[in-house]
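Below is one structure; the comments refer to it alone.
Numbering (the working numbering), first residue to last: 24 to 271.
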């Protein structure tokens, strides 16, 4: 019996690595094969050099205690190639996202969290992820970090108009990095800014939001994959689900 496991690319942030882990598990198990997990060994964006960084990210995913760990002493396993497994997943993204395997990934994620306490208010919570540059980009992030604030404002106004007659108030949560002065156009009474916050808190809230507006980023893309909310998708190189609202 051959065992399959997740790719071991160590030069990415949490979003990209979590994405590769869950799609490897889903493709493998949905096709009736055996998956074992290789835990995280390095993740970028540990800005304060916390020794607990990887442990906390493992707790966010909550996979380590729910999926068998690969025994590397065994030679009978296959490590997926990143490009190949992404391509295979995205070719049948709707089928995989509706599978029992995806349901299990979601159950793992929420097993050690209480969803209703994430925001703990009586509002429609909209998470807006704005990808901006950071030291790990090495000047190669390109258009992913240059999407203007006006783009996000336009989509936020569309949502405001769509839900203007709803009995619940809207509350926008903007997750990004940088200085508040860089987001002046987005400041309103129904907006809370979460700048440079803890990635574990940020990711959990992206997933938990009633509505998620993604940026060209694996962090909000993988959050959208496991979210049960309404998704507004900013197109980039990963394929969206058919149920997502494509923005421009």
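We treat Cβ as the ideally placed atom computed from N, Cα and C, and that holds for glycine.
These numbers were taken from a predicted model, which means no experiment stands behind them.
From the options, residue whose alpha carbon lies closest to that of residue i
i	options	result
residue 180	214, 260, 129 and 47	214
residue 220	60, 43 and 68	68
residue 170	26, 259 and 70	259
residue 230	240, 244 and 218	244
residue 240	234, 263, 232 and 112	263
residue 174	271, 250 and 149	271
residue 46	27, 255 and 186	27
residue 25	98, 129 and 112	98
residue 95	42, 29, 203 and 139	29
residue 224	43, 138, 106 and 40	138
Beta-bridge pairing of residue i - partner residues as DSSP gives them
i	result
residue 53	None; residue 53 has no bridge partner.
residue 230	The partner list for residue 230 (beta bridge, DSSP) is empty, contrary to what the question assumes.
residue 148	194
residue 257	270
residue 236	151 and 255
residue 127	DSSP output for residue 127 lists no bridge partner at all.
residue 218	199
residue 46	DSSP, once it has assigned bridges, lists no residue as partnering residue 46.
Cβ separation of residue i and residue j, assumed to be a contact under 8 Å, to the nearest whole Å
i	j	result
residue 153	residue 238	6 Å
residue 92	residue 60	6 Å
residue 85	residue 134	6 Å
residue 235	residue 246	6 Å
Rounded C-alpha distance that separates residue i from residue j
i	j	result
residue 164	residue 199	Model confidence at residue 164 stands at a pLDDT of 42, short of 50, so the residue's coordinates are unreliable; what they give is reported in the following sentence. Cα to Cα, the separation comes out at about 15 Å.
residue 261	residue 197	22 Å
residue 49	residue 38	16 Å
residue 101	residue 216	43 Å
residue 161	residue 34	Its pLDDT being 44, under 50, residue 161 is placed unreliably by the model, and the measurement read from it follows with that caveat. Distance between the alpha carbons of residue 161 and residue 34: 12 Å.
residue 54	residue 251	23 Å
residue 268	residue 188	20 Å
residue 227	residue 177	25 Å
Residue i Cβ short of 7 Å to the ligand MN heavy atom set
i	result
residue 58	Judged by which ligands are present, the structure shown has none, so any question about the ligand MN falls away.
(request) Could you tell me whether the stretch 110-128 touches the stretch 202-221, using the rule of 3 or more Cβ pairs below 8 Å? (result) Because the criterion of three Cβ pairs below 8 Å is not met, the stretch 110-128 and the stretch 202-221 do not touch.
(message) Pairs of beta-carbons, one from the stretch 108-117 and one from the stretch 134-148, closer than 8 Å: are there three or more?
(response) Verdict: no, contact absent.
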